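Letter by letter, the sequence shown follows residues 1 to 246 of my numbering.
Glycine included, C-beta positions come from ideal geometry on N, C-alpha and C.
No experiment lies behind these values; they were computed from the predicted model shown.
Since the structure comes first, as structure tokens, the remarks are kept for the end.
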Amino acid sequence: MIDIVITACRRHEILEQTLTSFKKNLFKDYPIRMFVNVDPVGPDKDHLECIMDVCHIVFPQIEILFKAPDTPNFSAAFKWTWDNVISEFAFHLEDDWKLLHEVNLQDMIDMLTRHENLALLRLPQFKSTENQMKNWDKFFPWNGEYFECPEELKMSIGFCGHPSLIKGEFVRNIAPYIDITRNPEKQFHHGPKEIMGEVAKWSYGVYGKPNSPPTIQDLGRKWLLATGWQKKGSKAFFMEWEKKGV
Numbered sequence: 001m002i003d004i005v006i007t008a009c010r011r012h013e014i015l016e017q018t019l020t021s022f023k024k025n026l027f028k029d030y031p032i033r034m035f036v037n038v039d040p041v042g043p044d045k046d047h048l049e050c051i052m053d054v055c056h057i058v059f060p061q062i063e064i065l066f067k068a069p070d071t072p073n074f075s076a077a078f079k080w081t082w083d084n085v086i087s088e089f090a091f092h093l094e095d096d097w098k099l100l101h102e103v104n105l106q107d108m109i110d111m112l113t114r115h116e117n118l119a120l121l122r123l124p125q126f127k128s129t130e131n132q133m134k135n136w137d138k139f140f141p142w143n144g145e146y147f148e149c150p151e152e153l154k155m156s157i158g159f160c161g162h163p164s165l166i167k168g169e170f171v172r173n174i175a176p177y178i179d180i181t182r183n184p185e186k187q188f189h190h191g192p193k194e195i196m197g198e199v200a201k202w203s204y205g206v207y208g209k210p211n212s213p214p215t216i217q218d219l220g221r222k223w224l225l226a227t228g229w230q231k232k233g234s235k236a237f238f239m240e241w242e243k244k245g246v
């Protein structure tokens with residue numbers, strides 16, 4: 001069983017693309033359950049019931065638990081989904097990523113199982129070369145199985161919010177200490193001592209092969225431009241949404 005943890009907004013067309021692509025190319029018929037936080041951000045027509053319908057249509061046979069807070073808060077959404085993880089593995093998935101081609105989920109699981117200290121494998125947004133994978137302006141070397149985060153970088157980019165298969169133990173050890181008043185991803189880089197201590201214990205990787213194209217595509221940027229919503233304040237420290245001109 002894998003617990004799928006999703007932070008979402010009211011944008012059902014994007015969510016449908018995300019869920020459909022991941023079901024087709026990754027989850028298939030693997031046993032999963034889903035925890036979905038739906039923040040009240042987006043067009044009125046994309047109300048909660050619409051989002052729930054999309055989830056049940058794409059995954060008609062699985063258990064899905066929803067939360068719909070009155071006020072949007074990315075950190076609270078992140079923490080709530082992680083608090084629910086009880087399975088051996090979790091899959092972290094924000095609602096605006098498209099999986100571009102097939103990925104072998106069982107291979108990812110087997111890889112995490114073989115490597116006791118490997119916390120997660122995330123899917124690549126960047127293409128790889130023969131020997132390395134770009135991650136923003138840093139590079140992860142190929143170790144023969146996956147692209148491994150260098151030891152000196154794991155406290156800064158070992159974890160990010162991209163789609164990732166994560167050991168449930170790691171999630172459960174982190175979740176109680178997430179501060180809902182701060183950007184959750186930044187807390188893996190310079191957060192509470194309990195989180196930083198946990199991050200330091202593990203290694204991190206990107207799942208892929210040498211000389212390969214990106215595996216995931218960001219769907220959210222066009223939606224932001226089309227709807228007038230934006231991340232409030234610094235995007236790097238994102239916590240809340242706001243409507244332009246309001």
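- Within the region 158 to 193, the runs of beta strand (DSSP E) at least 3 residues long that lie entirely inside it are, in chain order, 164 to 167.
- Bridge partners of residue 2 according to DSSP: 32 and 89.
- It is roughly 25 Å from the alpha-carbon of residue 181 to the alpha-carbon of residue 153.
- Under the three-state reduction of DSSP output, residue 122 falls in the strand class.
- Contact annotation: residue 205 and residue 147 have beta-carbon atoms nearer than 8 Å.
- For a cut-off of 8 Å, the C-beta gap from residue 93 to residue 22 is around 7 Å, short enough to register as a contact.
- In terms of CA proximity to residue 124, 211 leads the group 14, 211 and 10.
- Taking C-beta atoms as the reference points, residue 37 and residue 67 count as a pair closer than 8 Å.
- According to the DSSP assignment, residue 153 belongs to no alpha helix (DSSP H), since it is labelled neither H nor E.
- Contact between residue 18 and residue 95 holds, with the beta-carbon distance rounding to 6 Å and staying under 8 Å.
- With the rule of 3 Cβ pairs closer than 8 Å, the region 8 to 18 counts as touching the region 38 to 54.
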